[in-house]
Amino acid sequence: MSDLSEVISLTSAFTSKFLIMGFRVLDQEKINYIYANYRRESSSDMARVLGVSASVVKRFMNEKGLKVSKAQSRKWAAEKLKGKTSLTAEQDQFIKANYDKIGSKTIARKIGKSDTAVRTRMRQLGIVVPDEVKARIRQESYFKKGHNPANAGKKGVRVSPKSEFKKGQQPANTLHDGAISLRTHINYRTGQQYKSWHIRISKGKWIQLNRYVWEKEHGPIPPKHIISFVDGNPLNCDISNLECISMAENARRNRNSEKAGQTNKLNWEEGGSDKRVASYIVGADTEMQSMVIKEAPELLELKRTQFQLNKQINDEKSRRKTI
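So for the sequence shown, my numbering puts the first residue at 16; every next one is plus one.
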C-alpha cells in the first residue's frame, strides 16, 4: 500500500507540474508576460513571443482563470482574417455605408456576393450590427397588412396531365405483402458486405425473413434474443437452420478470445498502450497525448505502475473474499 501511495503522490505532483508547465518550462518571466499581456494579445501571439505552443498558453490561462471578453476574442479573430477576402475596396465601402440601413442579404444581392461572404467580411472589418438596427431591419422585412402576393389568383401549371400518376396508382414494380427481397448490407467499420432476406408484412413494413419464419413457427421472440443461423449462412432461412439465442450467448460465440487475451494482457499486465495511458493523464486532447508520449515517458511509466498496483490490490481483495 505504501508503494501505491508513493506512486500516486509522484504521479499527481508530476502531472500537475506537467500540465501547468506545458512540456516546455514556463519560467517566472514568461508567466509574468502572460499575466501582463493576456488582455492585449491573443494566446497565439503570446505563444509566438514566448516560443511555446498556443495550447500551452491556453492551458495555463485556463488553469489560472485568465479570461478575455468575447468582443476582444472576435476582434483578434477579425485581425487574423484581414486581407483574406474576395471583395473589392468598393464593395467594402458599400458594406460600411449600408450595414446599418439594410440587411446583409440585401447587401449581398446588390454587390453580387453571397450572404455568407458579406457576413464574413463584416466580421473581418470589425463591423457589429446593433441590436436595435437588427430589430428595425427585421420589422421592415415583414409583409405589411393588405400585401398582395405576386402570384395571387394564379393556378399551378400542368404541362402534361395525361402522363401524371393518378390518385392511388402504384408503380409497376411495386412489391406486395408476402414479397421477399434480398438486401445487401455494409459494415462501415470493417467494410465487409453481407446479404439477408426481408419479407414485406404490410405497406412500408419489412422484417428479416429469419425472424418471420421463427415467429410463425414458435411465436414472438423474447426480449434481448436474436435468431441465429446454425450453419452460419444468413441466406438459409429454413426453420431447421434457425435457433433463438440470447444476445449474451451471441456475444460469447463471436468473441475473439485470442485478441481479447492480448488486449487484456496489454491493458492490465503490461499497464496499457502509450496512447491509453496518456489519455488517463491529459484526457482526450490528442495533441497533448502525443506530447506526453514523446516528451514525458517517465510519467507514462509512473501511471503504468499505478495501474499494476491497483490491479494487485483488487486481486488481493477478490482473493480474500473467497477465503
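Even for Gly, the Cβ is constructed at its ideal location relative to N, Cα and C.
Could you check how far apart the C-beta atoms of residue i and residue j are, in whole angstroms? I think they sit under 8 angstroms.
i, j, result
"I308", "D289", "5 angstroms"
"I296", "L314", "6 angstroms"
"I195", "I214", "5 angstroms"
"V148", "D115", "5 angstroms"
"V133", "I122", "5 angstroms"
"P249", "K220", "Contact doesn't hold; Cβ gap of about 21 angstroms is too wide."
"E302", "S70", "6 angstroms"
Which residue's Cα is closest to the Cα of residue i: the options?
i, options, result
"D107", "K95, M137 and D115", "M137"
"S58", "Q43, E44 and A92", "A92"
"G287", "Q321, G247, S84 and K45", "Q321"
"V83", "V71, F109, I110 and R54", "R54"
"G66", "R268, N225 and L41", "L41"
"R268", "Y227, G247, C252 and R319", "G247"
"T135", "L317, N166 and K95", "K95"
"N212", "G193, T205 and G183", "The sequence shown places Trp at residue 212, rather than the Asn named in the question. For W212, the nearest C-alpha among the options comes from G193."
"K90", "A69, I152, S101 and G141", "G141"
"N225", "D253, T205 and R204", "D253"
Pull up the distance between the alpha-carbon of residue i and that of residue j, whole angstroms please.
i, j, result
"S255", "S243", "11 angstroms"
"D330", "P237", "37 angstroms"
"I126", "T103", "10 angstroms"
"R241", "G234", "A small fix is needed here, since residue 241 is Ile in this sequence, not Arg. Each residue's alpha carbon lies about 13 angstroms from the other."
"K177", "H191", "26 angstroms"
"A112", "E105", "11 angstroms"
"T189", "K218", "10 angstroms"
"R291", "F109", "55 angstroms"
"E264", "N271", "14 angstroms"
"V172", "N202", "46 angstroms"
"M262", "S333", "28 angstroms"
"G37", "K45", "Residue confidence for G37 is low, a pLDDT of 46 falling below 50, so the modelled location carries little weight and cannot support an answer."
"K336", "E310", "42 angstroms"
"E56", "Q139", "17 angstroms"
"A266", "K239", "12 angstroms"
"A293", "K120", "48 angstroms"
"V64", "M76", "16 angstroms"
"E155", "S88", "32 angstroms"
"Y50", "L81", "8 angstroms"
"K160", "D146", "25 angstroms"
"S129", "I152", "18 angstroms"
Can you pull the DSSP bridge partners for residue i?
i, result
"Q223", "H213"
"H200", "Y209"
"S119", "Paired residue(s): none; S119 is not in a bridge."
"F244", "L257"
"I328", "Beta-bridge pairing links I328 to no other residue."
"I195", "I214"
Under 7 angstroms, do residue i and residue j count as touching if we go by C-beta distance?
i, j, result
"V245", "E258", "yes"
"N52", "M61", "yes"
"Q207", "T199", "no"
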